[in-house]
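**Student:** Quick one: the structure is below, questions incoming.
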Amino acid sequence: MGKKGFNTTNLHSDRKDNPEHGVLHKPVHPSVAYGYEDARHLAEVFQGKRPGYNYGRQLNPTVTALQKRITQMEEGLPLLHLVREWLQFLHLAFTFKEDDHIISSVFPFLETPTASLAP
687 MGKKGFNTTN LHSDRKDNPE HGVLHKPVHP SVAYGYEDAR HLAEVFQGKR PGYNYGRQLN
747 PTVTALQKRI TQMEEGLPLL HLVREWLQFL HLAFTFKEDD HIISSVFPFL ETPTASLAP
C-alpha cells in the first residue's frame, strides 16, 4: 500500500500510541489530579526527572496527543514544552529561520499572569 494522504494520516495517527482501554482514538482528559506512589515520585515528575503529569490544566494526555498530532501534520520536530523559562524560549528563538512558525497558547508562560498581579 502506498503512502497515506494527509487526512488519512492525521485521522489515524493517534492509533500508534496505543490508546488506553482499546479505544480507536485518544480520549479527552479534562482537568484532573494525578496520583503517585509517594511524595518523592510526585516531586520527580514536577522536576521533570520522571515522565508523568502533575497538574491536568498545564499538561495532560489530551494536550500531549494534540502536540504529537500538530507535529505530525507539520512534518516537524517534536514540540518542546517550554512554558516556564524565558531563557529557554529566547535560546530557542535564536534557532528559528525565516518562515519558521511557533504554535503557542495564549499564556505560554503559565506563571506570568499570576506574577504580574503581585504587589
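In terms of our numbering, the sequence shown has 712 at position 26, counting the first letter as 1, and numbering is strictly consecutive.
Glycine included, each C-beta is placed from N, C-alpha and C at the ideal position.
Given the structure is predicted, the values throughout are model-derived calculations rather than measurements.
First and last residue of the alpha helix (DSSP H) that includes Val-714?
**Tutor:** Element bounds for Val-714: n/a, residue is neither H nor E.
**Student:** With distances taken from CA atoms, which of Met-759, Lys-712, Thr-757 and Lys-689 is nearest Asn-746?
**Tutor:** Nearest option by C-alpha distance: Lys-712.
**Student:** Going straight from the alpha carbon of Leu-778 to that of Glu-723, what length do you get?
**Tutor:** Going from the Cα of Leu-778 to the Cα of Glu-723 covers about 35 Å.
**Student:** Under the rule that 16 or more other beta-carbon atoms within 10 Å means buried, what is Ala-751, buried or exposed?
**Tutor:** When all chains shown are included, Ala-751 counts as buried.
**Student:** Mapping the DSSP letters down to three states, classify Thr-781 as helix, strand or coil.
**Tutor:** Thr-781: coil per DSSP, three-state reduction.
**Student:** Give the secondary structure of Ile-756 by DSSP, where H, G and I count as helix, E and B as strand, and everything else as coil.
**Tutor:** Ile-756: helix per DSSP, three-state reduction.
**Student:** May I ask which residues mark the beginning and end of the alpha helix (DSSP H) holding Glu-730?
**Tutor:** First-last of the alpha helix (DSSP H) with Glu-730: 725-732.
**Student:** As a quick exercise: from Glu-761, His-727 and Lys-754, pick the residue whose alpha carbon is nearest that of Gly-691.
**Tutor:** Nearest C-alpha to Gly-691: Glu-761.
**Student:** To the nearest angstrom, how far is the alpha carbon of Thr-757 from that of His-698?
**Tutor:** Cα-Cα distance, rounded: 14 Å.
**Student:** If we ignore side chains and look at the alpha-carbon of each, how far apart do Lys-735 and Arg-726 end up?
**Tutor:** Those two C-alpha atoms are separated by around 11 Å.
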